[in-house]
Amino acid sequence: MMLSRMARRPLEIQKGIDVAISQGIVNVKGQKGQLQHRLPKGIDVLVEEGHIQVKALGNAPNLRVLAGTTRALLNNLLIGVSKGYERKLILVGVGYRAQLQGDSLNLALGFSHPVTYKAPQGISFEAPSQTEILVKGIDKQLVGQVAADIRAFRPPEPYKGKGIRYADEKIVLKETKKK
51 MMLSRMARRP LEIQKGIDVA ISQGIVNVKG QKGQLQHRLP KGIDVLVEEG
101 HIQVKALGNA PNLRVLAGTT RALLNNLLIG VSKGYERKLI LVGVGYRAQL
151 QGDSLNLALG FSHPVTYKAP QGISFEAPSQ TEILVKGIDK QLVGQVAADI
201 RAFRPPEPYK GKGIRYADEK IVLKETKKK
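Counting from 1 along the sequence shown, just add 50 to a position and that's the residue number in my numbering.
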């Protein structure tokens, strides 16, 4: 049985993290919280001596791929409950600003109305300045989705670069039409 290269590498469980498997669900508990992942059919996970090993219960190509994907998702869970995830957004534009109000984020984005975004459960916002937003949480997928939802209110436009962008995003500006 051949596994993907990533699936063959064992995951190390750090101190303070508890991993339990019951009825096809992996529960990971750490200092930041608790997450769970349902295992796909044909994938088995073994927890032994501070390591997690992912195994495919067959030799079908889709099982080998799922083994690597499952290992990556379990790694995301381990990092999430120990360190957490954060995504930084930057507002670029005259008058564009972000303000925290409880667990909601109020955005002034050049519309005739303010935009309010309520944080889903497990997500927290920080606004170090009026033009920066930090989205924090333990679930990598949820942090990325919330950041994408906020960015979708005013994505960067290609001529002046105004809008909401990720901190590590490079915007290639287009040239305007010349006479």
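Even glycine gets a Cβ: it sits at the ideal position worked out from N, Cα and C.
Other residues of its chain near A70: CB distance less than 7 Å, five sequence neighbours each side excluded:
N77
Across which residues does DSSP place E182 in a beta bridge pair?
I140
Buried or exposed: where does P206 fall if 16 or more other Cβ atoms within 10 Å of its Cβ makes it buried?
buried
Check S162 in the structure and name its three-state DSSP category.
coil
Could you spell out the range, first to last residue, of the beta strand (DSSP E) harbouring I214?
G213 to Y216
Indicate the three-state DSSP secondary structure (helix, strand or coil) for R88 in the structure shown.
strand
Across which residues does DSSP place K147 in a beta bridge pair?
Here the sequence assigns Arg to residue 147, which means Lys is not the residue at that position. According to DSSP, which records beta bridges pairwise, R147 is partnered with A158.
Under 7 Å Cβ to Cβ from L309, same chain only, skipping five residues before and after it: list those, please.
With the chain represented from 51 up to 229, any question about residue 309 goes unanswered, as that position is not in the structure.
Going straight from the alpha carbon of S132 to that of Y216, what length do you get?
24 Å
With DSSP as the reference, identify every bridge partner of K79, one or two as the case may be.
D68 and Q84
Measure the alpha-carbon distance for R59 versus V95 and round it to whole angstroms.
12 Å
Using the Cβ count rule (16 or more neighbours within 10 Å means buried), how would you classify V44?
Because the chain here runs from 51 to 229, residue 44 falls outside it and cannot be looked at.
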